[in-house]
Structure formats: C-alpha cells, structure tokens
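Below: the structure, in structure tokens.
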Amino acid sequence: MAKMQPESCGLGPAFQVIGGKWKALILWLVHTEPRRFGELKRLVPDISEKMLIQQLREMEADGLVHREVFHEVPPRVEYSATPLGQSLDDALVPLANWGKEHGAAIEARKTKVA
C-alpha cells in the first residue's frame, strides 16, 4: 500500500505557495484592490521591509500577485491578486472563518497550558 503524501490531499501545493506568516495576509490585502508597497507596509506594520519585498517577489513568482510598474515621477508600483491568487484567497475564506470561530478557545487553551 502506498504511503499518503501531503500533496495527495491537495494541501501540499496550496501550503507551498501560501505558507509562512505573511503571505495569506498580503493576498487578502491585495485581493479586492491594487495596493502600493508603502500602503502594504502600513497595513502590516510588524513585517520588515526586507520580508515584505521577499514575500511579494515569491508570490509574484508563484503567479499569485501581479506587480505593475507605472513609469511616472515619482515611480509607482502596485500589487494586485491574479486570477490564481484570487482563487486561492477564495479557498482560504473557510479557513479564516474557522479561525474566527475557534481562535479564542485555542488561545485560552494555550494560556491554560503555559
């Protein structure tokens, strides 16, 4: 009998492109409207500039985010969700709802154990 791999349930590929602390949040922020880099930095204040750049580059390489450069003075760059990114964001909505529903109980258990 073959051993089940995480990829066989479909979660592997999804987590490969959205894994980590910031990507789901960044995708959520760009899924409704294009966002400039500075705006993303303000909306995610705990992320370093270096990490934001890295996450956006990885998401662009994975086809989740589109980077549009406007050749004007001063230069302007906007990030938006691609159709692939939008479909992943839609798939994350039930997970986010689960987190909202159970987050307080999970935190309570953590503080009880600590």
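Numbering (this note's numbering), first residue to last: 93 to 206.
Cβ atoms here follow ideal geometry from the backbone N, Cα and C, with glycine treated the same way.
From a predicted model like this one, the values you see are computed outputs, not experimental measurements.
Residue i lies in the beta strand (DSSP E); which residues open and close that run?
{"i": "Val157", "result": "157 to 162"}
Note the first and the last residue of the continuous alpha helix (DSSP H) segment covering residue i.
{"i": "Ser179", "result": "175 to 205"}
{"i": "Ile145", "result": "141 to 153"}
{"i": "Val122", "result": "115 to 122"}
{"i": "Glu131", "result": "129 to 135"}
{"i": "Val109", "result": "103 to 110"}
Identify which residue in the options has its Cα closest to the Cα of residue i.
{"i": "Gln146", "options": "Ala197, Phe162, Lys113, Gln178", "result": "Lys113"}
{"i": "His158", "options": "Arg127, Gln108, Glu199, Thr203", "result": "Arg127"}
{"i": "Asp154", "options": "Leu187, Leu180, Pro137", "result": "Leu180"}
{"i": "Ala106", "options": "Pro167, Val136, Asp182", "result": "Asp182"}
Distance, Cα to Cα, residue i vs residue j?
{"i": "Met151", "j": "Leu176", "result": "11 angstroms"}
{"i": "Gln178", "j": "Leu156", "result": "8 angstroms"}
{"i": "Gly195", "j": "Glu164", "result": "44 angstroms"}
{"i": "Leu117", "j": "Pro186", "result": "14 angstroms"}
{"i": "Ser140", "j": "Ala200", "result": "29 angstroms"}
Would you list the one or two residues that DSSP bridges to residue i?
{"i": "Glu170", "result": "Arg128, Glu160"}
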